[in-house]
Amino acid sequence: MIINPSHSVPHSVPSYPKSTGFTLLELLIALTLSTLVMLTLAIGMNLVFKEWTRSSNRLDESLEKVLVLLQIERALEGAFPHTYKDREENKNFIFFEGEEEQLIWVSTVSPGRQAGLTAWQLLPDDKEKGVQIRIVPAYASDPTERLEENATVVTALEGYQATFEYLYVDEKIEEDTKWVEEWSAKKLQALPHAVRVRLESDIEGEDSVEIVATIMAHQHQEQKFRPVKP
1220 MIINPSHSVP HSVPSYPKST GFTLLELLIA LTLSTLVMLT LAIGMNLVFK EWTRSSNRLD
1280 ESLEKVLVLL QIERALEGAF PHTYKDREEN KNFIFFEGEE EQLIWVSTVS PGRQAGLTAW
1340 QLLPDDKEKG VQIRIVPAYA SDPTERLEEN ATVVTALEGY QATFEYLYVD EKIEEDTKWV
1400 EEWSAKKLQA LPHAVRVRLE SDIEGEDSVE IVATIMAHQH QEQKFRPVKP
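Okay, so the sequence shown: first residue is 1220 according to our numbering, each after it adds one.
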């Protein structure tokens, strides 16, 4: 049998897989999911940043409060029996007047570690809702007027109300001690043995704070400056 070469067996055409590219809908879904993931991450980072900022602010406020209280405590511990002459009565008196909500005294401690004695005053600041601190050099006279007119004034411990108590100790009968709400060195002729400072917060959730400053001058105080029993 003779085969005609013009009638050869046809070659088979190779088959290729059909293209499976992304459809427009699939691309939109992918972009939407990517956007949601990025948005979720951004919200999470923003929340973390805000919480970090709040924590940092609380830490700064706590440190500021601690530093202010430490300065007040040191100034009270350094209370000095500074005497001045009352021209009307022609007598010398110790400068220390304490009430339940305000206090004025002379200390060997100053915020800037300046030489000499410093007059201090603590009183409520109704405008700023905190504790107003006033300081001025004591010099040799009664510093009351200069505290009112020439003092450096700072408001601290915002949101807190300060109250004060003063410790009387009988030198002969040491068991005879008591806390009183007022102390006038002009009447009692001496400094108290200690001052208790209570800070009550107006902010919900904030705890009250209390410090007791022992006045170191009593360790070196002369007998003539022993207090009269209040």
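By construction, the Cβ of each residue, glycine as well, lies at the ideal position given by its N, Cα and C atoms.
Through-space distance from residue j to residue i, alpha-carbon basis
i       : j       : result
Leu1410 : His1301 : 10 Å
Arg1415 : Ile1352 : 17 Å
Glu1364 : Thr1337 : 14 Å
Thr1371 : Ser1329 : 12 Å
Phe1383 : Leu1322 : 8 Å
Leu1266 : Thr1259 : 11 Å
Lys1450 : Asp1426 : Since the first residue of the chain shown is 1220 and the last is 1449, residue 1450 is not available in this structure.
Glu1347 : Val1373 : 10 Å
Leu1288 : His1412 : 19 Å
Pro1343 : Glu1308 : 31 Å
Ile1422 : Glu1283 : 16 Å
Val1350 : Glu1319 : 13 Å
Val1428 : Asp1305 : 37 Å
Ala1357 : Asp1389 : 29 Å
Trp1324 : Ala1375 : 18 Å
Arg1417 : Ile1354 : 21 Å
Ala1298 : Met1435 : 7 Å
Ser1326 : His1437 : 13 Å
Val1431 : Phe1314 : 20 Å
Gly1378 : Leu1286 : 16 Å
Met1257 : Gly1424 : 36 Å
Leu1386 : Asn1369 : 31 Å
Glu1245 : Leu1252 : 11 Å
Asp1361 : Trp1398 : 26 Å
Residue i - DSSP class collapsed to helix/strand/coil
i       : result
Arg1306 : coil
Lys1406 : helix
Val1416 : strand
Gly1317 : strand
Lys1391 : coil
Glu1429 : strand
Thr1251 : helix
Ile1434 : coil
Glu1292 : helix
Ile1422 : coil
Glu1401 : coil
Trp1242 : The sequence shown places Thr at residue 1242, not Trp. DSSP places Thr1242 in coil when its eight states are reduced to three.
With 16 other Cβ atoms within 10 Å as the buried cut-off, status of residue i
i       : result
Gln1340 : buried
Ser1274 : Confidence in Ser1274 is poor, its pLDDT being 49 and thus under 50, which makes the residue's placement unreliable; the coordinate value appears in the next sentence. Exposed, because fewer than 16 other Cβ atoms sit within 10 Å of the Cβ of Ser1274.
Leu1295 : buried
Ile1291 : buried
Gly1317 : buried
Ile1164 : Nothing about residue 1164 can be read from this structure; the chain reaches only from 1220 to 1449.
Ile1248 : exposed
Ala1404 : buried
Leu1407 : buried
Leu1255 : exposed
Leu1366 : buried
Ala1359 : exposed
Those residues which DSSP pairs with residue i across a bridge
i       : result
Ser1326 : Ala1298, Thr1337
Asn1311 : Lys1304
Lys1284 : None, per the DSSP bridge assignment.
Thr1396 : Val1388
Notebook entry, point to check: Where in the region 1328-1384 do unbroken runs of the alpha helix (DSSP H), each at least 4 residues long, occur, reported from the N-terminal end onward?
Noted result: 1363-1368
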